[in-house]
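**Student:**
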Amino acid sequence: MSAAQTPIPATLIPGDGIGPEITDAALSVLDALGAPFQWDTQVAGLAGVKAAGDPLPQATLDSIDRTRLALKGPLETPSGGGYRSSNVRLREKYKLYANLRPAKTLVPGGRFDNIDLVLCRENNEGLYMGYEHYIPIDGDPHAVAIATGVNTRQGSKNILKFAFDYAVANGRKKVTVVHKANIMKALTGIFLETAQQMYKDEYAGKFEFNDVIIDACAMKLVMNPWQFDLLVTTNLFGDILSDEISGLVGGLGMTPGANIGEHAAIFEAVHGSAPDIAGKGIANPTALLLASAMMLDHVKRTDLADRLRQTISDVLNKDNVRTGDLGGSASTDQYAKALVARLRG
Ligand code: NAD
Numbered sequence: 162m163s164a165a166q167t168p169i170p171a172t173l174i175p176g177d178g179i180g181p182e183i184t185d186a187a188l189s190v191l192d193a194l195g196a197p198f199q200w201d202t203q204v205a206g207l208a209g210v211k212a213a214g215d216p217l218p219q220a221t222l223d224s225i226d227r228t229r230l231a232l233k234g235p236l237e238t239p240s241g242g243g244y245r246s247s248n249v250r251l252r253e254k255y256k257l258y259a260n261l262r263p264a265k266t267l268v269p270g271g272r273f274d275n276i277d278l279v280l281c282r283e284n285n286e287g288l289y290m291g292y293e294h295y296i297p298i299d300g301d302p303h304a305v306a307i308a309t310g311v312n313t314r315q316g317s318k319n320i321l322k323f324a325f326d327y328a329v330a331n332g333r334k335k336v337t338v339v340h341k342a343n344i345m346k347a348l349t350g351i352f353l354e355t356a357q358q359m360y361k362d363e364y365a366g367k368f369e370f371n372d373v374i375i376d377a378c379a380m381k382l383v384m385n386p387w388q389f390d391l392l393v394t395t396n397l398f399g400d401i402l403s404d405e406i407s408g409l410v411g412g413l414g415m416t417p418g419a420n421i422g423e424h425a426a427i428f429e430a431v432h433g434s435a436p437d438i439a440g441k442g443i444a445n446p447t448a449l450l451l452a453s454a455m456m457l458d459h460v461k462r463t464d465l466a467d468r469l470r471q472t473i474s475d476v477l478n479k480d481n482v483r484t485g486d487l488g489g490s491a492s493t494d495q496y497a498k499a500l501v502a503r504l505r506g
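Take the sequence shown: its position 243, counting from 1, is numbered 404 in my numbering, and each next residue is one higher.
1. Would a check of beta-carbon distances place Gly287 closer than 7 Å to chain D?
2. Could you tell me whether any non-hydrogen atom of ligand 1 is closer than 6 Å to the CB of His294?
3. So the candidates are Asp390, Asp223, Leu191, Leu194; which of them puts its Cα closest to the Cα of Ile276?
4. Would you say the beta carbon of Ile320 is closer than 6 Å to some non-hydrogen atom of ligand 1?
5. Looking at the strands, I want to know which residues DSSP matches up with Tyr292.
6. Jot down the residue ranges of each uninterrupted beta strand (DSSP E) in the segment 199 to 240, minimum 3 residues, whole runs only, in chain order.
7. Which one or two residues does DSSP pair with Ile427 in a beta bridge?
8. Can you list, in chain order, the residues of its chain with a C-beta nearer than 7 Å to that of Ser474? Leave out the 5 residues immediately preceding and following it.
9. With three or more C-beta pairs closer than 8 Å as the rule, is the segment 409 to 426 touching the segment 325 to 334?
10. Threshold first: 4 residues or longer. Then list the alpha helix (DSSP H) segments lying entirely within the segment 409 to 489, N to C.
11. Do Ser403 and Pro235 have their C-beta atoms within less than 7 Å of each other?
12. If you pair each beta-carbon of the segment 286 to 293 with each one of the segment 385 to 399, do three or more pairs fall below 8 Å?
13. Judging by CA-CA distance, which residue of Leu261, Ser246, Ser240 is the nearest neighbour of Asp458?
14. Check whether the segment 481 to 493 touches the segment 452 to 471, counting contact only when three or more Cβ pairs, one atom from each stretch, lie closer than 8 Å.
15. Taking 6 Å as the line, does the beta carbon of Asn420 fall inside it for any heavy atom of ligand 1?
16. Indicate, with yes or no, if ligand 1 has a heavy atom lying under 6 Å from the CB of Leu186.
17. Considering only heavy atoms of ligand 1, does any lie closer than 6 Å to the CB of Val237?
18. Does ligand 1 have even one heavy atom less than 6 Å from the beta-carbon of Leu413?
19. Note down, in chain order, each residue of its chain lying with its Cβ closer than 6 Å to the Cβ of Asp185, except the 5 sequence neighbours on either side.
20. With respect to the beta strand (DSSP E) encompassing Ile169, which residues constitute its N-terminal and C-terminal limits?
21. Rounding to the nearest angstrom, what Cα-Cα distance links Asn420 and Pro168 in this structure?
22. With a Cβ-Cβ cutoff of 7 Å, do Leu280 and Ser453 count as a contact?
23. Less than 7 Å separating the beta-carbons of Pro197 and Leu465?
24. What does the Cβ neighbour count give for Lys233, buried or exposed, with the cut at 16 atoms within 10 Å?
25. Is any heavy atom of ligand 1 found at a distance shorter than 6 Å from the C-beta of Ser434?
26. In the DSSP assignment, the beta strand (DSSP E) including Ile374 goes from what residue to what residue?
27. Where do the ends of the alpha helix (DSSP H) carrying Thr355 lie?
28. For a quick check, are the C-beta atoms of Met359 and Leu321 less than 7 Å apart?
29. Would you please state the rounded distance, in angstroms, between the beta carbons of Thr556 and Ile179? I believe it to be under 8 Å.
30. Whole angstroms is fine: what's the gap from Asn343's alpha carbon to Ile374's?
31. Find the nearest neighbour of Gly206 within the set Pro181, Leu409, Gly408, judged by alpha-carbon distance.
32. Assuming Ile298 and Ala304 make a contact with CB atoms under 8 Å, what is their CB distance in whole Å?
33. Mapping the DSSP letters down to three states, classify Val336 as helix, strand or coil.
34. Under 7 Å between the Cβ atoms of Ala448 and Ala430?
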């Protein structure tokens with residue numbers, strides 16, 4: 162086996178709800194692709210609480226400390242008990258400041274066709290950080306709720322540099338900064354102002370550049386999504402817009418995400434644990450498979466990533482094997498088996 166083919170150590174967190182089902186499917190497909198990763202399986206989320214009394218057990222962190230690379234299923238934050246989201250904790254601990262979420266049409270003929278959008282979301286700052294508290298008044302413990310958002314110049318620069326460099330490296334024609342600087346003048350104004358300055362100083366002419374207010378952006382995305390190419394935005398707006406752009410390409414079953422920092426990268430589906438369909442064997446594992454393809458790109462196995470993406474497209478469009486969310490009747494397992502059959506050819 163050549164050095165390029167030596168399996169790469171990586172942490173695997175199957176996650177909660179549909180997580181284990183879609184992870185099993187992804188593992189069987191990756192095995193058929195030549196088993197490019199050597200997995201160290203760990204738990205987090207509800208499974209972490211059950212196994213180790215902690216949604217982010219030390220053993221899981223030790224594993225990521227070692228591998229710096231993970232594929233993660235969706236995690237539920239246990240309600241009560243004062244737990245913070247394991248996803249937010251992971252992003253903080255490994256300074257995974259860039260959340261890259263592409264949305265591309267894989268099944269033609271939907272409500273929107275030929276969608277090819279990339280969303281770059283700031284992942285560590287803003288209103289999403291969960292700095293919140295209540296002020297009790299007159300016996301009502303929740304009389305006033307307060308949330309604090311923090312955006313920094315450096316944090317804005319980090320994600321903007323990531324997005325602008327990504328646009329140049331991947332031939333994206335246009336970058337749109339999404340903000341609410343007309344109202345949240347400081348909190349999101351700093352992001353817009355930093356973007357404008359960086360574009361002028363370092364990136365002018367390398368791609369088209371504009372900005373749009375978040376509410377208008379949400380409307381424009383459903384009126385004419387083709388006017389956008391790469392969107393870059395702050396944490397909470399990015400969270401919302403990534404679900405919206407998933408809807409343009411067939412739903413949450415179709416969109417992957419990468420959380421990237423200088424020293425680690427964690428790949429996942431955009432969707433959550435889907436408790437409404439967990440255990441039924443009908444979840445669509447495509448988003449997690451596309452996240453695996455992003456992970457292969459990240460470790461420079463673009464050959465395998467491209468083969469995986471092509472196989473997914475062939476199974477969906479030539480074999481017409483699709484899960485229920487895409488209007489098909491295949492189970493998670495049947496879909497995975499169709500992918501494996503094509504890969505083993
Ligand atoms: P969700 O994304 O789990 O589900 C929203 C809807 O999309 C549901 O109807 C679900 O059935 C459907 N759906 C999602 N993924 C699907 C798939 N692969 N195939 C077919 N249908 C799919 O959102 P939710 O219900 O708001 O959240 C459930 C839990 O997941 C919450 O505890 C939330 O905190 C957590 N969550 C985790 C992550 C993460 O770990 N990255 C992301 C989002 C939500």
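Note that CB positions come from ideal geometry on N, CA and C, so glycine has one too. The structure presented is a predicted model; accordingly, all values stated were derived computationally and were not measured.
**Tutor:** On the basis of the supplied data:
1. Checking the listed chains, one finds no chain D in this structure; it contains a single protein chain.
2. Against the sequence shown, residue 294 aligns to sequence position 133. Not under cutoff, so the answer is no.
3. Start at 1 with the first residue of the sequence shown, and residue 276 comes out as number 115. Cα-wise, what sits closest to Ile276 is Asp390.
4. Residue numbering aside, residue 320 sits at position 159 when the sequence shown is read from its first letter. No, the beta carbon of Ile320 sits no closer than 6 Å to any heavy atom of ligand 1.
5. Looking up residue 292 in the sequence shown gives position 131. Note: Tyr292 sits in a beta bridge opposite Thr309.
6. Within the segment 199 to 240, the runs of beta strand (DSSP E) at least 3 residues long that lie entirely inside it are, in chain order, 230 to 233.
7. Working through the sequence shown from its first residue, we reach residue 427 at position 266. DSSP, once it has assigned bridges, lists Ala231, Asn420 as partnering Ile427.
8. Locating residue 474 in the sequence shown gives position 313, where the first residue counts as 1. Answer for Ser474: Leu267, listed in chain order.
9. no
10. 447 to 459, 463 to 478
11. The count along the sequence shown starts at 1 and reaches residue 403 at position 242. The count along the sequence shown starts at 1 and reaches residue 235 at position 74. No.
12. yes
13. The residue given as residue 458 occupies position 297 in the sequence shown. If we check each option's Cα against that of Asp458, Leu261 comes out closest.
14. Output reads no: the segment 452 to 471 does not touch the segment 481 to 493.
15. The count along the sequence shown starts at 1 and reaches residue 420 at position 259. No, ligand 1 has no heavy atom inside 6 Å of this Cβ.
16. On the sequence shown, residue 186 is found 25 positions in, with the first residue counted as 1. Contrary to the premise, residue 186 reads as Ala rather than Leu in this sequence. No, since every heavy atom of ligand 1 falls outside the 6 Å radius drawn around the Cβ of Ala186.
17. One-based indexing of the sequence shown puts residue 237 at position 76. For the sequence presented, residue 237 should be read as Glu rather than Val. Glu237: yes, Cβ under 6 Å from ligand 1.
18. Taking the sequence shown and counting its residues from 1, one reaches residue 413 at position 252. For ligand 1, a non-hydrogen atom lies closer than 6 Å to the CB of Leu413.
19. Within the sequence shown, numbered from 1, the residue matching residue 185 stands at position 24. Excluding residues within five positions, none has a Cβ falling inside 6 Å.
20. Taking the sequence shown and counting its residues from 1, one reaches residue 169 at position 8. From DSSP, the beta strand (DSSP E) with Ile169 extends over 169 to 174.
21. Taking the first residue of the sequence shown as position 1, residue 420 is located at position 259. Taking the first residue of the sequence shown as position 1, residue 168 is located at position 7. Taking the straight line from one Cα to the other gives about 21 Å.
22. To locate residue 280, count along the sequence shown from 1; it is residue 119. To locate residue 453, count along the sequence shown from 1; it is residue 292. Going by C-beta atoms, Leu280 is not nearer than 7 Å to Ser453.
23. Reading the sequence shown from its first residue, position 36 is the one you call residue 197. Reading the sequence shown from its first residue, position 304 is the one you call residue 465. Yes. Within cutoff.
24. On the sequence shown, position 72 is the one that residue 233 refers to. Buried: at least 16 other Cβ atoms inside 10 Å.
25. By 1-based counting over the sequence shown, the position of residue 434 is 273. For ligand 1, at least one heavy atom lies less than 6 Å from the Cβ of Ser434.
26. The count along the sequence shown starts at 1 and reaches residue 374 at position 213. Its beta strand (DSSP E) spans residues 369 to 374.
27. Residue mapping note: residue 355 aligns to position 194 of the sequence shown, counting from 1. Start and end: 350 to 359.
28. As a working note, residue 359 is residue 198 in the sequence shown. As a working note, residue 321 is residue 160 in the sequence shown. It is a contact, given that the beta carbons lie within the stated cut-off.
29. An answer regarding residue 556 cannot be provided, because it is not within the stretch 162 to 506 covered by the chain.
30. On the sequence shown, position 182 is the one that residue 343 refers to. On the sequence shown, position 213 is the one that residue 374 refers to. The straight-line gap from Cα to Cα measures roughly 8 Å.
31. Counting from one through the sequence shown, the residue named residue 206 turns up at place 45. Of the listed residues, the one whose Cα sits closest to Gly206 is Pro181.
32. Position 137 of the sequence shown holds residue 298. Position 143 of the sequence shown holds residue 304. Contact flag correct, Cβ pair sits at about 4 Å.
33. Taking the first residue of the sequence shown as 1, we reach residue 336 at position 175. Strand, per DSSP.
34. Residue 448 sits at position 287 when you count from the first residue of the sequence shown. Residue 430 sits at position 269 when you count from the first residue of the sequence shown. Contact: yes.
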